[in-house]
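Asker: First, the structure itself, so that you have it in front of you.
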Amino acid sequence: MTRIAVLDDDSQWCFAIKRYLRDRFDVFTFTDTDSFLISPLDSYDLVLMDFSILPIDGLELTNGYQVLEKLKRLPDPPLLVLVSGFFSQTDSLMYNKQFPQADAILTKDLGLDTFVERLQALVIP
Amino acid sequence: MVDFQQSNSVSASTLLHRITDRIRRSLELPDILNATVTELRSLLETDRVKIYRFEPDGSGCVVAESLNPHHLPSLLGLYFPADDIPLAHRELFVKARQRSIVDIEAQSILLSRLDQSQTTSLTSNQVQQLAVEEILERPVDSCHVEYLTAMGVKSSLVVPILHQGQLWGLLVSHHAQSKQISHQNLQLVQLLADQVSIAITQSDLLNQTRQNAAQQALVNQVSSLLHAPLQIEEILQQVLEHITTALQAAGGRLYLTADQPPAVYTCGVQPVFNLNFALEETTFWQQLNHRPSTASPEIDWVALQTSQPPAFVQLCTIDDLYQVPELENLQQTFQTVAIRSLLVMPLNYGAQQLGYLTLFRTEIDTDIAWAGRFDSDARQDRVRSSFAMWREIKSGQTHPWTQQEQDWLKALGAHLIMAVMQHRLYRCEHEQRVLVEMRNHQLSQARRVAEEANRLKSDFLSSTSHELRTPLASILNYLKLLQEGLYDTETEHQEYINIAHQSAEMLVAILNDVLDLARIEAGRMPIEMELLSIAEVLTEAQRLFEIDSRKTGIALETICQVETVWADRVKVRQIITNLIANAFKFTEQGKITVYCCQRDGIAEITIADTGIGIDPSQRDHLFEPFVQADGSIKRRYGGTGLGLTICKRLVELMGGQIWIASRGVGHGTTVTFTLRCSEIPTLER
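Have a look at this one:
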């Protein structure tokens, strides 16, 4: 089964995603970046990375995209999806250029059905 | 006789040699004159040889004397009135080059003429070639006899000393006994008088050179000062002091209209002027900018076109201001401090009037030692019987401005005008530059403020959208889970409902806060100010948080030392509730104290907790929208992130201030805001 990691400091979002996807994916959720970074990163097929993350002691990482860029440098990086409530469905396209390292940008107002559809489109091309 | 003549000739030759040698060696006139009288007396073997110098008014003074004190009294340094040697006689000395030899016992006077006009260029041979007919002998006037007798003189020889065609003085030999003066000796004395004339010319040149050097030194000194790296005020004060001292003035003023209000620099004695305007603003000074055609003759007016065309130096000198009708109204002003002489230099640059330089001289006392007491009424009738020194002391005399002093000031004036003008231009340029810089700075600041406002607006919109979408997404997600029945237990089912409900509440709270903030920013937040009891508001707040206090075990204490504040009751309640709620939110143990005191008519309301405190680096950002000390705090403690922003805006709306203090993380937080204790006066409002 496809392994998906979710990094988001909003525990309610993590729980909802995990609960909704559990029948279709193996979902691993993290609300703090430290825990995520020490998890087996190379075992994930896809990572859902929130733009707002908690600061990490000793690392100059202030947002999820910076973490995403780090993961992109892995030998065999997973699919990296940037998720945020900062932008809406209508303006997400214009952010593609701003975050070129992201394989996709998904907004939190998509609704769970659409969200899952987009994920499935990514993992099963 | 031949031997005597030879001996006399040798002595004459030696004397001439010595005198010319002395003149060559020294340029100091007193030395030369003293040597002349000494050498001549030793040759003539008379009791007194003196050199008498004429003053411009015809009087004169004995400036050098060699004397046999046993036979004749000294006249050195004594003045003789002009009528002692009447004008007609003085003219004869010049026009006829007349020399006189008086023998009292013989009652005769020998008048010798020297017709050659260029006496000073005569050689000794030329003098010797003069015809005997040119010597005229006649009886001496009785009053002349009486005059010389009163002086104790029986033999007199007088030879004029000319300088630049004018009668400079007399070379005089007196003897207490009758004495023959040979023609040869007369020629010798004439030669000496000519040598003295040369010496006077040389000495005059020396003095002139010295004066020029001194003038140049003063101009250089002042010029250097004018360009010294000092404040212009300091420079001008020093320049004024230099000029005042150099011109031996008792006081000076520099009045510059270039400054607004006009600047006045002063030093030394000043007229006592009690009016509310400067001396230079009186009619007399104001009219000096244009040479008055009807000016009094006592006003001496000179002008000098300088080498720098725009600067036109004019001087107005007044030796005795009490004789000038134009200054009649100001006489009292000067009289108090005994000012008698004035020198005014209007400072003009082209058509621009820059101000005035004014120098004052106080009246002086004169002390003249006359040869015998003279009476202006009686002296024409009778020769005075004694020539013993008689001191005439006069007080309240003028101290006139000399031509040399005026020349000095004219030279300095051009420099002063140029310096004042340069400073004026520099200051104009500097002011313009500062103005341009200020405008640039204001524009730059306005641009920065606009950019910052734009950034904040953009940040606010971005943050607002994020803060609204997060609870909205949560509501949608959990409703979807409920809709799909994706829960395992009833507890989980209930939890989904609670999360959706809390998220909806959060969404409403954020919307309300955002709308509140938008209304405040738009200036549409209604404020109803009144005098209200702050103690009542605090009591209400304490009652409101009783449950929180009990639940958390954190004591809430209120201390109020202020009766009333001038504020909007609803807004004050909103602020205090918000701040106490924050304190409970961030405090796990300890207590919360609300303290209200008064300082200078201002009420200070402080909410202090013993909670998590604040990192000092975060303190200044906490009043910005959606900012909490860090993201983890927001997730852990909740809240819209707009509470402090709204509190700040509301406090400011009521004319107060708000600030946060903390001794750091773990050391609690203190939030203080201020309100007026009484109503704001209408004008101030």
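First to last, the sequence lines map onto chains A and B. For the first sequence, my numbering begins at 0 and goes up steadily by one. For the second sequence, my numbering begins at 296 and goes up steadily by one. Glycine included, C-beta positions come from ideal geometry on N, C-alpha and C.
From the DSSP output, in three-state form, read off residue 789 of chain B for me.
Answerer: Here residue 789 of chain B is taken as the residue at index 494 of the second sequence, counted from 1. Three-state result, residue 789 of chain B: helix.
Asker: Distance check for residue 494 of chain B and residue 389 of chain B, CA to CA, integer angstroms please.
Answerer: Here residue 389 of chain B is taken as the residue at index 94 of the second sequence, counted from 1. Here residue 494 of chain B is taken as the residue at index 199 of the second sequence, counted from 1. Looking at the two C-alpha atoms, the distance is approximately 18 Å.
Asker: Which of the three DSSP states is assigned to residue 121 of chain A in this structure?
Answerer: Counting from one through the first sequence, the residue named residue 121 of chain A turns up at place 122. In the structure shown, residue 121 of chain A sits in a helix (DSSP, three-state: H, G or I).
Asker: Using a Cβ cut-off of 8 Å (strictly closer), state whether residue 85 of chain A contacts chain B.
Answerer: The residue you call residue 85 of chain A lines up with position 86 of the first sequence. Judged by the 8 Å Cβ criterion, residue 85 of chain A is in contact with chain B.
Asker: Alpha carbon to alpha carbon, what distance is there between residue 652 of chain B and residue 1039 of chain B?
Answerer: Outside the displayed span of chain B (296 to 980) sits residue 1039 of chain B, for which this structure offers no information.
Asker: Assuming residue 467 of chain B contacts residue 453 of chain B (C-beta within less than 8 Å), just tell me the rounded distance between them.
Answerer: Along the second sequence, read from residue 1 onward, the residue named residue 467 of chain B stands at position 172. Along the second sequence, read from residue 1 onward, the residue named residue 453 of chain B stands at position 158. Yes, they are in contact, since the Cβ atoms of residue 467 of chain B and residue 453 of chain B sit about 5 Å apart, within 8 Å.
Asker: Just verifying my parser: in three-state terms, what is the DSSP assignment at residue 425 of chain B?
Answerer: Position 130 of the second sequence, counting from 1, holds the residue named residue 425 of chain B. Model confidence at residue 425 of chain B stands at a pLDDT of 47, short of 50, so the residue's coordinates are unreliable; what they give is reported in the following sentence. Coil, per DSSP.
Asker: Among A:0, A:116, A:14 and A:77, which one has its Cα closest to the Cα of residue 791 of chain B?
Answerer: Position 496 of the second sequence, counted from the start, is the residue given in the question as residue 791 of chain B. In this structure, A:14 is the residue among A:0, A:116, A:14 and A:77 with its C-alpha nearest to the C-alpha of residue 791 of chain B.
Asker: Check the Cβ-Cβ distances between residue 914 of chain B and every residue of chain A, and say whether any is below 8 Å.
Answerer: As a first step, residue 914 of chain B must be located in the second sequence, where it is residue number 619. It does not; no Cβ of chain A falls within 8 Å.
Asker: According to the Cβ coordinates, are residue 664 of chain B and residue 353 of chain B closer than 8 Å?
Answerer: Here the question's residue 664 of chain B lines up with position 369 in the second sequence. Here the question's residue 353 of chain B lines up with position 58 in the second sequence. In this structure, residue 353 of chain B does not lie closer than 8 Å to residue 664 of chain B by Cβ.
Asker: I want to verify the contact list: residues of chain A whose CB lies under 7 Å from the CB of residue 886 of chain B, in sequence order.
Answerer: Residue numbering aside, residue 886 of chain B sits at position 591 when the second sequence is read from its first letter. Going along chain A, no residue has its Cβ under 7 Å from residue 886 of chain B, so there is no contact; the nearest lies around 30 Å.
Asker: Closer than 7 Å by beta-carbon distance: list the chain D residues that pair up with residue 108 of chain A, in chain order.
Answerer: Protein chains A and B are contained in the structure displayed, whereas chain D is not.
Asker: Given that a residue counts as buried once 16 or more other Cβ atoms are within 10 Å of its Cβ, and exposed if not, what is residue 375 of chain B?
Answerer: Translated into positions along the second sequence, residue 375 of chain B becomes position 80. Counting Cβ neighbours within 10 Å, residue 375 of chain B comes out buried, since at least 16 surround it.
Asker: Over what stretch of residues does the alpha helix (DSSP H) that includes residue 757 of chain B continue unbroken?
Answerer: As a working mapping, residue 757 of chain B is identified with position 462 in the second sequence. 698-779 is the extent of the alpha helix (DSSP H) around residue 757 of chain B.
Asker: Among B:877, B:902 and B:821, which one has its Cα closest to the Cα of residue 864 of chain B?
Answerer: Residue mapping note: residue 864 of chain B aligns to position 569 of the second sequence, counting from 1. Of the listed residues, the one whose Cα sits closest to residue 864 of chain B is B:821.
Asker: Measure the alpha-carbon distance for residue 881 of chain B versus residue 906 of chain B and round it to whole angstroms.
Answerer: Translated into positions along the second sequence, residue 881 of chain B becomes position 586. Translated into positions along the second sequence, residue 906 of chain B becomes position 611. Spanning the two alpha carbons is a distance of roughly 5 Å.
Asker: Taking Cβ positions only, does residue 111 of chain A come closer than 8 Å to chain B?
Answerer: Looking up residue 111 of chain A in the first sequence gives position 112. Chain B contact via Cβ: present.
Asker: Once DSSP output is grouped into helix, strand and coil, what is the label at residue 808 of chain B?
Answerer: Within the second sequence, the letter at position 513 stands for residue 808 of chain B. Three-state DSSP puts residue 808 of chain B in a helix.
Asker: Taking the C-alpha atoms as reference points, what is the distance between residue 337 of chain B and residue 358 of chain B?
Answerer: On the second sequence, position 42 is the one that residue 337 of chain B refers to. On the second sequence, position 63 is the one that residue 358 of chain B refers to. Going from the Cα of residue 337 of chain B to the Cα of residue 358 of chain B covers about 18 Å.
Asker: Just reading off the beta strand (DSSP E) that residue 892 of chain B is part of, what are its end residues?
Answerer: As a working note, residue 892 of chain B is residue 597 in the second sequence. First-last of the beta strand (DSSP E) with residue 892 of chain B: 886-894.
Asker: Leaving out five residues on either side along the sequence, give the residues of the same chain with a beta carbon under 7 Å from the beta carbon of residue 539 of chain B.
Answerer: Sequence index remark: in the second sequence, residue 539 of chain B carries index 244 (1-based). Closer than 7 Å at the Cβ level, and outside the excluded window around residue 539 of chain B, lie 546, 547, 562, 563 and 654.
Asker: Starting from the Cα of residue 782 of chain B, find the closest Cα among A:8, A:18 and A:12 and give me that residue.
Answerer: Translated into positions along the second sequence, residue 782 of chain B becomes position 487. Comparing Cα-Cα distances from residue 782 of chain B to each of A:8, A:18 and A:12, the minimum goes to A:18.
Asker: Report the rounded CA-to-CA distance for residue 425 of chain B versus residue 486 of chain B, giving the unit in angstroms.
Answerer: As a position in the second sequence, residue 425 of chain B is number 130, starting the count at 1. As a position in the second sequence, residue 486 of chain B is number 191, starting the count at 1. Any answer about residue 425 of chain B is weak, because its pLDDT of 47 lies below 50 and its placement is not dependable; what the coordinates show is given next. Straight-line Cα distance between these residues: approximately 13 Å.
Asker: Return the chain-ordered ranges of every alpha helix (DSSP H) run that is complete within the stretch 934-965 of chain B and spans a minimum of 4 residues.
Answerer: 938-948
Asker: Would you please verify whether the beta carbon of residue 753 of chain B is less than 8 Å from any beta carbon of chain A?
Answerer: On the second sequence, position 458 is the one that residue 753 of chain B refers to. So no, residue 753 of chain B is outside the interface.
Asker: Please report the straight-line C-alpha distance between residue 475 of chain B and residue 435 of chain B, rounded to a whole angstrom.
Answerer: Taking the first residue of the second sequence as 1, we reach residue 475 of chain B at position 180. Taking the first residue of the second sequence as 1, we reach residue 435 of chain B at position 140. Straight-line Cα distance between these residues: approximately 15 Å.
Asker: Using beta carbons (cut-off 8 Å, strictly below), is residue 909 of chain B in contact with chain A?
Answerer: Start at 1 with the first residue of the second sequence, and residue 909 of chain B comes out as number 614. Chain A contact via Cβ: absent.
Asker: Let me confirm a value: residue 818 of chain B is counted as buried when at least 16 other C-beta atoms fall within 10 Å, else exposed. Which label applies?
Answerer: Indexing the second sequence from 1 puts residue 818 of chain B at position 523. Exposed, by the Cβ-count rule.
Asker: Could you tell me if residue 392 of chain B is buried or exposed, where buried requires 16 or more neighbouring beta carbons within 10 angstroms of its beta carbon?
Answerer: Here residue 392 of chain B corresponds to residue number 97 of the second sequence, with the count starting at 1. Buried is the call here.
Asker: Go ahead and label residue 826 of chain B buried or exposed: buried means 16 or more other beta carbons lie within 10 angstroms of its beta carbon, across all protein chains shown.
Answerer: One-based indexing of the second sequence puts residue 826 of chain B at position 531. Burial call: exposed.
Asker: Output the distance between the C-alpha atoms of residue 535 of chain B and residue 568 of chain B, rounded to the nearest integer angstrom.
Answerer: Mapped onto the second sequence, residue 535 of chain B falls at position 240. Mapped onto the second sequence, residue 568 of chain B falls at position 273. Each residue's alpha carbon lies about 20 Å from the other.
Asker: How about residue 83 of chain A and residue 108 of chain A: do their beta carbons lie closer than 8 Å?
Answerer: Your numbering for residue 83 of chain A matches position 84 in the first sequence. Your numbering for residue 108 of chain A matches position 109 in the first sequence. Taking 8 Å as the Cβ cut-off, residue 83 of chain A and residue 108 of chain A do not qualify as a contacting pair.
Asker: Taking only beta-carbon atoms, is residue 9 of chain A less than 8 Å away from chain B?
Answerer: Numbered from its first residue, the first sequence carries residue 9 of chain A at position 10. Yes, its Cβ sits closer than 8 Å to a Cβ of chain B.
Asker: By DSSP, does residue 417 of chain B sit in helix, in strand, or in coil?
Answerer: Translated into the one-based positions of the second sequence, residue 417 of chain B becomes position 122. Note that residue 417 of chain B scores a pLDDT of 39, beneath 50, so its modelled location is shaky; the value from the coordinates is reported in the next line. Coil.
Asker: Taking the alpha-carbon positions, what's the residue 772 of chain B to residue 955 of chain B distance?
Answerer: Reading the second sequence from its first residue, position 477 is the one you call residue 772 of chain B. Reading the second sequence from its first residue, position 660 is the one you call residue 955 of chain B. Straight-line spacing of the CA atoms in residue 772 of chain B and residue 955 of chain B works out to 38 Å.
Asker: Using a Cβ-Cβ cut-off of 8 Å, state whether residue 794 of chain B counts as contacting chain A.
Answerer: Taking the second sequence and counting its residues from 1, one reaches residue 794 of chain B at position 499. Chain A, which has a Cβ nearer than 8 Å to the Cβ of residue 794 of chain B, makes this yes.
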